[in-house]
Ligand SMILES: [Zn+2]
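In the numbering used here, the protein residues as written are -14 to 177.
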């Protein structure tokens, strides 16, 4: 059974774990510990390749498959692609905000009429600057806790575009607008 199946090389394991931040790659899970799983089953591919490996917690691993309440392979591939986008584009605090917000959206069945606010320490602006630059996060005026005239916290809110972005991430849809354009082009090429 396991005979003849070489173990995943340490360096490759490390790359896959780092890609997922040593947490489950499923956006609304993010538990640890995790193990490295093959997206297309080992029995089928018979090799360990970075593109086909993903970090999953035991619970999500059990849900890997194609039935109801399962996580299918197409979704796993998209989760992995999205991780690469998030990792290269956003910082640690930004990724945590995205995760936190995805969880809150899922819990609350959130609607645009009840915005969720995030209070961040003064000086965090630099750490969330790419989300702000991309139009996904916006600082909202807030008359909060101050020492004298100096506010201690700043308040942020995801924009409509930001909410859409986080929902796409949670739902295993492409989060890079370039991705979809590229997919569209490829589809068009195939058809012609
Ligand atoms: Zn998980």
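Note that the Cβ used here is the ideal one computed from N, Cα and C, for glycine as well.
Any non-hydrogen atom of ligand 1 closer than 7 Å to residue i Cβ
| i | result |
| --- | --- |
| residue 16 | yes |
| residue 178 | This structure leaves residue 178 out entirely; the chain is present only between -14 and 177. |
| residue 41 | yes |
| residue 11 | yes |
| residue 144 | no |
| residue 109 | no |
| residue 148 | no |
Which of helix, strand or coil DSSP assigns to residue i
| i | result |
| --- | --- |
| residue 135 | strand |
| residue -7 | coil |
| residue 78 | helix |
| residue 8 | coil |
Buried versus exposed call for residue i [16 or more other C-beta atoms within 10 Å across all chains shown]
| i | result |
| --- | --- |
| residue 53 | exposed |
| residue 148 | buried |
| residue 19 | buried |
| residue 71 | buried |
| residue 6 | buried |
| residue 17 | exposed |
| residue 157 | buried |
| residue -5 | exposed |
| residue 59 | exposed |
Identify every run of the beta strand (DSSP E) within the segment 19 to 54, keeping only runs that are complete inside it and at least 3 residues long; order them along the chain. 20 to 23 and 38 to 41
Taking the runs of the alpha helix (DSSP H) that are 4 residues or longer, which of them lie wholly in the segment 84 to 158? 114 to 118 and 145 to 155
Segment contact, 8 Å Cβ cut-off, at least three pairs: the segment 2 to 20 with the segment 76 to 92: yes
Would the segment 52 to 68 count as touching the segment 112 to 131 if we require 3 or more Cβ pairs under 8 Å? no
I want to know whether the segment 28 to 44 touches the segment 132 to 148 - three or more CB-CB distances under 8 Å. no
Between the segment 110 to 117 and the segment 151 to 162, can you find at least three pairs of beta-carbon atoms closer than 8 Å? no
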